[in-house]
Ligand code: CDP
């Protein structure tokens, strides 16, 4: 008997995560678990200065330390043409510094030793002669005429400006502003933060000098892309490079870039003929690897006096750090920031963006979000909330008045995105109902009468995920398409090989569920393999909430190919014509005679034992998916806070989050993803921030200074769901979009401002420490009384 759909537990079932069996038993295989015979250990010497010329490096004392095998400098790397490497943004980045250091924590030299402790000890014996230069710690200073040029290595670079980029129609927007009754504006900074995965970055490079075979175990979210980059950088034949990304302890965009440590360890392994392991410590991870955000933004919104949005103008200055290394699709210098029109039917918009080099670590990664979409969501929602207060309108009403109506989808925004589907009113109505909005507003008025400061913050978002269609989306020219290969074995068990790379999102479960829904093979019987370039189809990997819309779709497509071949086999077994065979829940049956059936398992067996003449044996296939469009998850979040006027201390009373990511493959996993996004939204709103002192020293280089909320501080989340499938996606799923606004820091900021608006507080930047809130209250009061 074939299983019934309920028993198959495909799409829509909260199947427990298959991967957790091994992970919770300590049987995961993380990078530091990889131990190879003859393995050496590498440690990296990093710059203590943000900006300094290197006058000389003396490695003699370090080399003399017993147990040290080699000390590598930029000079040595330069002899192999490896002192610099390309970044994912068509810039270059120093592998080991030769001329000068450009941020605190930059890689200067590496020691390879018999064990990791000797390697670390030897770092202290390397003498570097630095001549400090003026550090540039803000992009504003970077663009001043007299600012020293950071990238003196680039012949054509005469200043610190990297790019200028625009989207939308400047003239139409200017006209909209001229005709407007009301204009609100906002200057804000979305601060630099760090994804801080529990597991730091690292690798074990194993290059066989005799065969040229390079097997590199690496913490990467994008193994195939990295393989190609390695082939291009090192000139190694691509078939000799095997990247294995084992279990990852989180990635969040931090494990997308190519880091110098990977390159040095690989070169060292090649030269020494031994495997070389390099594992970062926490501080190295926080000060030198891909940061997130760091956008200084100015926004203006034009409205009619009855609250109709007429135009949006945003300019931003991105602090890119010393090397422009963020992984954005080539066409879009600031990622998909131009989704900044959000959920609103805006007739005119214009976005301009400039990037600047500063003496900080490079990055700008897609931290729990699609490319720079969090920054965009934050900007528009802050503006909308401010517009509501200025107009004296209820913020929910203003949003509803301007939402793109359900009937308008597919909808093309003025900045050029075609939104696939949405029901923004539906998500907002559910959020308002769940939070009890009408009653809360009454309670707020009463609270004010009693001198209590109660605030209600809203944020609605539209994410853009699933990059993407080959016409517009590539990294380094490689199109952002992804693959899935499926093999059904004679006993009806399957192995699915995917180009994405799970870092904790549960792909081993959800992708097996897609196969289950398409073919009727239960998820337990579908082994999902990923993270090994020799054994999975090509694809650009997992970041930016793209796996489900790309690899999930490829999985559905390859399953359907197999289903069609299965139909031929079933017709042969049932001795009927193929047109008379129907398929449902793992069974092929004769039209009108459902008891006359063969299971997918029968068919799989026949594919190897009893197939018709002329048919190829086997039941397997591969599919590459080129999405026809991006997908657009959306939702509304509501946050209730109470602020203590005397101290500025505020606490979160409620967080209600309604998300719509179309069809949910695994509702439990989706909720987990949303919890993660919400925790991050709370974190950035309250405590997570990487700052720098005036000398460019990174404050936030450890978990005592860079604060990550624990379960103790994190508020309770109340979740809600609407379901608006993506019409072009084979299974109607969209990316989770949990990242949409990463739990919407905007909702938290808006809630605090909502509590304080009548005191005169108009703007507060994150993180909302009690001190900062208190200062805002005092400044507003002083302003009111002067
Ligand atoms: O690219 P990444 O895996 O980070 O993001 P995603 O594709 O948005 O999905 C995160 C996790 O949620 C994956 O395990 C997805 O398969 C799952 N998911 C789901 O179950 N249903 C959806 N509609 C979207 C995602």
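Residue numbers (my numbering): -12 to 773. Glycine included, C-beta positions come from ideal geometry on N, C-alpha and C. Predicted model only: the values in this text are computed from it and were never measured.
By the 16-neighbour rule on beta-carbons within 10 angstroms, residue 224 is exposed.
When DSSP reads this structure, residue 33 sits in a beta bridge with 94. Distance from the CA of residue 210 to the CA of residue 218, rounded to the nearest whole angstrom, comes to 12 Å. Taking the C-beta atoms as reference points, residue 11 is found no nearer than 8 Å to residue 278.
Rounded to whole angstroms, the separation of the alpha carbons of residue 569 and residue 547 is 13 Å.
Secondary structure of residue 364 (DSSP, three-state): helix. Residue 546 carries a helical assignment under DSSP once its states are collapsed to helix, strand and coil.
In the structure shown, residue 603 adopts coil according to DSSP, grouped into three states. Under a 10 Å Cβ-count criterion, residue 522 is classified as exposed, with fewer than 16 other Cβ atoms of the shown protein chains found around its own Cβ.
Residue side-chain check: residue 648 places its Cβ nearer than 7 Å to a non-hydrogen atom of the ligand CDP.
When distances are taken from the beta-carbon of residue 722 to the heavy atoms of the ligand CDP, the shortest one is below 7 Å. Taking all protein chains shown into account, residue 197 has fewer than 16 neighbouring C-beta atoms within 10 Å of its C-beta and is therefore exposed. Taken in chain order, the unbroken stretches of beta strand (DSSP E) that lie wholly in the segment 569 to 636 and span 3 residues or more are 574 to 577, 580 to 586, 607 to 612, 621 to 630. For the ligand CDP, no non-hydrogen atom lies closer than 7 Å to the CB of residue 455.
Contact between residue 310 and residue 334 fails: their C-beta atoms lie close to 39 Å from each other, not under 8 Å. In the three-state reduction of the DSSP assignment, residue 275 falls in the helix class.
Secondary structure note for residue 217: its alpha helix (DSSP H) is the uninterrupted segment 210 to 221.
Relative to the ligand CDP, residue 660 has its C-beta within less than 7 Å of a heavy atom. Setting aside the 5 residues that flank it on each side, residue 259 is surrounded in the same chain by 27, 56, 57, 99, each with a C-beta closer than 8 Å to its C-beta; the list follows chain order. Taken in chain order, the unbroken stretches of alpha helix (DSSP H) that lie wholly in the segment 78 to 128 and span 4 residues or more are 103 to 110. Residue 441 sits away from residue 734, with the two beta carbons spaced by 8 Å or more.
Look at residue 246 here: in three-state DSSP terms it is coil, with no helix or strand label. Using a Cβ-Cβ distance cut-off of 8 Å, the segment 487 to 501 and the segment -6 to 11 are in contact, since at least three pairs of beta carbons, one from each stretch, lie closer than that value.
Following the DSSP letters along the chain, one finds residue 201 inside the beta strand (DSSP E) bounded by residues 201 to 205.
In chain order, 71, 72, 73, 140, 141, 310 place their CB closer than 8 Å to the CB of residue 79, counting only its own chain and leaving out the 5 sequence neighbours on each side. Taking 8 Å as the cut-off, the beta carbon of residue 190 is found no closer than this to the beta carbon of residue 104. 138 is the residue among 64, 138, 75 whose C-alpha sits nearest the C-alpha of residue 40.
Relative to the non-hydrogen atoms of the ligand CDP, the Cβ of residue 494 comes within a distance shorter than 7 Å of at least one. Residue pairing for residue 377: DSSP places it in no beta bridge.
Under the 10 Å beta carbon count, residue 288 is surrounded by 16 or more other beta carbons and is classified as buried. DSSP places residue 194 within a strand segment (E or B) once states are collapsed to three.
Counting only runs of 4 or more residues that sit fully inside the segment 486 to 543, the alpha helix (DSSP H) segments are 494 to 506, in chain order. A direct Cα-to-Cα measurement between residue 43 and residue 113 gives close to 11 Å. Every alpha helix (DSSP H) of 4 residues or more that sits fully in the segment 424 to 492 is shown, in chain order, as 424 to 436. Boundaries cannot be given for residue 26, as no beta strand (DSSP E) includes it and DSSP labels it neither H nor E. Exclusion of the five residues before and after residue 424 leaves no residue of its chain whose Cβ lies closer than 6 Å to its Cβ.
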